[in-house]
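Trainee: I'd like to ask some things about the structure below.
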Amino acid sequence: MTAVLPRTAAPTATSPLLGLACAALATVVWSGSFVTSRGLHDSVPPVQHAFWRWVIALVAVAPFGARQAWRQRRLIRRHARYVLLASFLGVAVYNTLVNQAGLTTPAATMGMIMAASPVLMALFERLGGVRLGARRTTGLLIACAGVALLVGGGAHFSAGDLWMIAAACSFAGYSALLRRRPAELGGPSFLFTTFLTGTVLLLPVQAASVAVQGGFTATPATVLPLLYVGVASSAVAFFAWNKAIALVGATRAGIVYYLQPVCVALLSWAVLGETTGWPQLLSMALILGGVVLGAGARR
178 MTAVLPRTAA PTATSPLLGL ACAALATVVW SGSFVTSRGL HDSVPPVQHA
228 FWRWVIALVA VAPFGARQAW RQRRLIRRHA RYVLLASFLG VAVYNTLVNQ
278 AGLTTPAATM GMIMAASPVL MALFERLGGV RLGARRTTGL LIACAGVALL
328 VGGGAHFSAG DLWMIAAACS FAGYSALLRR RPAELGGPSF LFTTFLTGTV
378 LLLPVQAASV AVQGGFTATP ATVLPLLYVG VASSAVAFFA WNKAIALVGA
428 TRAGIVYYLQ PVCVALLSWA VLGETTGWPQ LLSMALILGG VVLGAGARR
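Structure, rendered in structure tokens:
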């Protein structure tokens with residue numbers, strides 16, 4: 178993740194390719210995190226899953242971002258509200274909701290619902306004053322129809338579907354918020370600060386979860402997935418996603434994000450043995466068609 182390019186800076190010829198490659202890397206790695214959330218649903222409580230994920234991510238990022246964050250501490254305090262909101266949406270809330278959804282919702286369905294997030298990003302842009310136009314509005318309606326079909330009768334409904342819709346809204350809000358990140362705030366510094374703030378925000382609910390549900394047993398079957406989501410899905414993927422948005426913007430990065438349902442479906446089939454039927458495929462077609470139409474570059 179790097180600082181947002183100033184308006185006066187001219188991007189190099191390789192910037193779009195690098196940005197799209199970073200978006201693809203984040204998308205593929207995040208696909209594995211949905212499978213992990215589903216795989217740990219009966220062994221690690223959702224809040225504890227999220228808390229230890231960010232503790233591991235914080236340790237992984239500290240060598241690269243802690244010193245820079247200390248040097249920029251005055252700048253971070255100046256933008257404390259922004260950092261707090263980004264930490265709340267992208268760290269504390271988003272992944273906790275994903276883990277909660279994994280209790281009852283198949284990983285492939287989670288990925289399909291998350292495919293609507295690029296259109297939600299466009300909607301947040303509209304709320305920020307950016308005109309959507311007829312194309313994006315139509316795409317938004319088509320994608321919403323796909324989600325409605327998936328949740329309301331086209332597939333087996335579960336409460337986790339609603340948690341996943343909330344997670345998609347949280348992630349879209351975080352991604353839209355990245356466009357307003359202060360350019361002078363260093364990438365590693367921002368990453369370390371948001372991870373630290375999000376972990377602190379999770380502390381009260383982590384304590385409540387341990388008191389009510391008890392802790393989980395540390396075995397290779399629980400620790401190795403947590404290491405994956407902590408290092409790969411958090412430190413590496415968030416670095417790559419924020420880098421992609423800095424280079425090509427949220428809309429173009431969101432186009433690559435359309436690959437996620439396919440990646441999640443393949444991984445859930447290979448790792449968890451989940452199958453995908455025609456209602457899910459129809460919902461996927463509507464969602465992907467809507468986001469391609471709604472979040473594509475305007476002419």
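Everything in the sequence shown is counted per the working numbering, starting at 178 for the first residue and increasing by one. Even glycine gets a Cβ: it sits at the ideal position worked out from N, Cα and C. None of the values given here were measured: they were computed from a predicted structure.
Grab the span of the alpha helix (DSSP H) containing Gln225 for me, first residue to last.
Mentor: First-last of the alpha helix (DSSP H) with Gln225: Pro223 to Arg248.
Trainee: Assuming contact is defined by CB atoms lying nearer than 7 Å, are Ala430 and Ala421 in contact in what I supplied?
Mentor: Yes. Within cutoff.
Trainee: Please classify Ala190 as buried or exposed, where buried requires at least 16 other C-beta atoms within 10 Å of its C-beta.
Mentor: Below a pLDDT of 50, predicted positions are generally treated as unreliable, and Ala190, at 49, falls in that range; no measurement from the model is reported.
Trainee: Under 7 Å between the Cβ atoms of Trp229 and Ser410?
Mentor: Not in contact: Trp229 and Ser410 (Cβ atoms no closer than 7 Å).
Trainee: Taking Cβ to Cβ, would you say Tyr434 is nearer than 7 Å to Ala344?
Mentor: Taking 7 Å as the Cβ cut-off, Tyr434 and Ala344 do not qualify as a contacting pair.
Trainee: Taking 7 Å as the cut-off, decide whether the C-beta atoms of Gln437 and Pro222 are in contact.
Mentor: Contact flag unset, no.
Trainee: Could you spell out the range, first to last residue, of the alpha helix (DSSP H) harbouring Gly337?
Mentor: Looking at the DSSP string, the run of the alpha helix (DSSP H) that includes Gly337 is Ala336 to Leu355.
Trainee: Can you tell me which of the three DSSP states Thr282 falls into?
Mentor: Reduced to three states, the DSSP call for Thr282 is coil.
Trainee: Here's the rule I'm using: 16 or more other beta-carbon atoms within 10 Å means buried, otherwise exposed. How should Leu274 be labelled?
Mentor: Result: buried.
Trainee: Identify whether Gly392 lies in helix, strand or coil by the three-state DSSP scheme.
Mentor: Of the three classes helix, strand and coil, the one that applies to Gly392 here is coil, per DSSP.
Trainee: According to DSSP, is Pro359 part of a helix, a strand, or is it coil?
Mentor: Pro359 falls in the coil class under three-state DSSP.
Trainee: Can you tell which of Gly375, Phe301, Phe415 and Ala311 has the C-alpha that lies nearest to the C-alpha of Thr204?
Mentor: The shortest Cα separation from Thr204 among Gly375, Phe301, Phe415 and Ala311 belongs to Phe415.
Trainee: Using only CA atoms, which one of Arg255, Ala269, His218 and Val212 lies nearest to Phe372?
Mentor: Considering only alpha carbons, the answer is Ala269.
Trainee: Tell me which same chain residues have a C-beta within less than 7 Å of the C-beta of Ala264, skipping the five on either side of it?
Mentor: At residue 264 the sequence reads Ser, which differs from the Ala that was named. So the qualifying residues of the chain are Thr371, Thr374, Gly375 and Leu378.
Trainee: Using the C-alpha atoms, what's the distance from Pro193 back to Leu458?
Mentor: Straight-line Cα distance between these residues: approximately 31 Å.
Trainee: Less than 7 Å separating the beta-carbons of Ala353 and Met298?
Mentor: Cβ distance < 7 Å, so Ala353 and Met298 count as in contact.
Trainee: Return yes when the Cβ of Val212 is within less than 7 Å of the Cβ of Ser549, no when it is not.
Mentor: Examination of residue 549 is not possible in this model, given that the chain is present from 178 through 476 alone.
Trainee: What distance in whole Å lies between the Cβ atoms of Ala412 and Ala284, which are believed to be in contact at a cut-off of 8 Å?
Mentor: About 22 Å separates the two Cβ atoms, so there is no contact after all.
Trainee: Give me, in chain order, the residues of the same chain whose beta-carbon lies closer than 6 Å to that of Trp340; leave out the 5 immediate sequence neighbours on both sides.
Mentor: Once the five neighbours on either side are set aside, the close Cβ partners of Trp340 are Leu274, Gln277 and Ala278.
Trainee: DSSP on Ala292, reduced to helix/strand/coil?
Mentor: Coil at Ala292, not helix or strand.
Trainee: Under a three-way DSSP split, which group does Ser220 fall into?
Mentor: Coil at Ser220, not helix or strand.
Trainee: When the Cα atoms are used, what is the spatial distance from Asp338 to Thr281?
Mentor: Their Cα atoms are separated by approximately 8 Å.
Trainee: Using 8 Å for Cβ pairs, my map puts Ile233 next to Val408. What's the rounded Cβ distance?
Mentor: Contact holds; Cβ gap of about 6 Å.
Trainee: Please report the straight-line C-alpha distance between Gln225 and Gly209, rounded to a whole angstrom.
Mentor: Taking the straight line joining both Cα atoms gives about 18 Å.
Trainee: Suppose you measure from the CA of Asp261 to the CA of Thr286; what does that come to, to the nearest Å?
Mentor: Reading off the sequence, residue 261 comes out as Leu, not Asp. In a straight line, the C-alpha of Leu261 is about 30 Å away from that of Thr286.
Trainee: CA-CA distance, Ile319 and Ser294?
Mentor: Cα to Cα, the separation comes out at about 13 Å.
Trainee: Can you have a look at Arg476 and say buried or exposed, based on whether 16 or more other CB atoms are within 10 angstroms of its CB?
Mentor: A caution first: Arg476 carries a pLDDT of 48, below 50, which makes its placement in the model unreliable, though a value can still be read off. With fewer than 16 other Cβ atoms within 10 Å, it is exposed.
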